[in-house]
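Here the structure is laid out as structure tokens; the discussion comes afterwards.
There are 2 protein chains.
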Amino acid sequence: MTRQRRVILEELRKVRSHPTADEIYQMARKHLPRISLGTVYRNLEVLSDQGLIKKLDVSGDRSRFDGDLTEHVHIRCIVCGRVDDFPVRPAVTLPEINNDCGYEIGGFVLEFSGQCPQCKKAEVC
Amino acid sequence: MTRQRRVILEELRKVRSHPTADEIYQMARKHLPRISLGTVYRNLEVLSDQGLIKKLDVSGDRSRFDGDLTEHVHIRCIVCGRVDDFPVRPAVTLPEINNDCGYEIGGFVLEFSGQCPQCKKAEVC
DNA sequence: TAAATTAACAGTAATAATTCTCATTATTGA
DNA sequence: TCAATAATGAGAATTATTACTGTTAATTTA
Ligand SMILES: [Mn+2]
Ligand SMILES: [Mn+2]
Ligand SMILES: [Zn+2]
Ligand SMILES: [Zn+2]
């Protein structure tokens, strides 16, 4: 656990947003001005492999990261791309799913999408 | 509806897989050897905007496309990346969701992941 | 402690999916 | 027919991400 890795983890746990690698890079630079983007990517990968953070493979162009390890659902704005937690639990749990497709199921992603309050307000009619 | 666009749509409707843009490019080249990858990307975007196909923003690196417009669930192999239809309907429907997060909800993605039969068999123990 | 080994680093180059540019070709419709 | 419009092919540009290359810091061992 290097200083760089600790700062990345702390900054990610501090926010309730789901920042991209580059956004985490900007956050970390406030504390470690000489940190490199490559280090941020490398450590996000390591932390994700160690199970200390979650890499969100939500829709959209860039990967996002979440310091909240509890299983929860996300909602993404189709206009600006921001991702929030969504306060609903899916009624479906993994053991309930009848697996007749031959896959060995390991997880699932439930992601809602729509317009966030800001984008809804800014909408041109 | 140009020849290029029609071939892309027909090829996509022909298969039950969820090909990437490059895979569709290879399929289209069989009929139009001089078609360009840029044209494939452009027409997939147009067809998706027109609602004639669906662009799948599933997890993973590349976008995939689906000629099946009915609402259904997907499963993705975490080893080889292939995407299949998953024969389960989520118990949750959009109107049921209480929207107290301020978003205007437009849709959702439910995607399971795991190992496909081939990858499960090939697994090194 | 001092040398050797290891791990992570910063900076930068490479990769790959996608988008953009632009000259050319096809299509439309008065 | 023929001008206007739209789409194309080829390839360059963009961009998120990954890989590489010395360098530095930390850890282990003699
Ligand atoms: Mn979250
Ligand atoms: Mn499908
Ligand atoms: Zn928004
Ligand atoms: Zn597989």
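As given, the protein sequences belong to chains A and B, one line each in that order.
Start counting at 1 in the first sequence, then tack on 67, and there's your number in the working numbering.
Start counting at 1 in the second sequence, then tack on 67, and there's your number in the working numbering.
Where a beta carbon is used, it is the ideal one built from N, C-alpha and C, also for glycine.
The beta carbon of A:S103 sits no closer than 7 Å to any beta carbon of chain B.
Here B:R72 is actually not in contact with B:L99; their C-beta atoms are around 11 Å apart, not less than 8 Å. With a threshold of 6 Å, the Cβ atom of A:D124 does not count as near ligand 1, since no heavy atom of the ligand is closer than that. Under the rule that a run must span 3 or more residues, the beta strand (DSSP E) segments found entirely inside the segment 113–163 of chain B read 121–123, 131–133, 140–144 and 150–153. Under the 10 Å beta carbon count, A:D135 is surrounded by fewer than 16 other beta carbons and is classified as exposed. In the three-state reduction of the DSSP assignment, A:V176 falls in the strand class, which pools E and B. If you ignore the 5 residues before and after B:D128, its C-beta comes within less than 8 Å of the C-beta of G148, all in its own chain and listed in chain order.
With respect to chain B, the C-beta atom of A:V176 has a partner C-beta closer than 7 Å.
DSSP places A:G169 in the coil class of the three-state scheme, outside both helix and strand. Per the DSSP secondary-structure output, A:G105 pairs with nothing in a beta bridge. Flagged as an interface residue toward chain A: B:Q182, by a C-beta distance shorter than 7 Å.
Beta-bridge pairing by DSSP links A:Q182 to B:E171.
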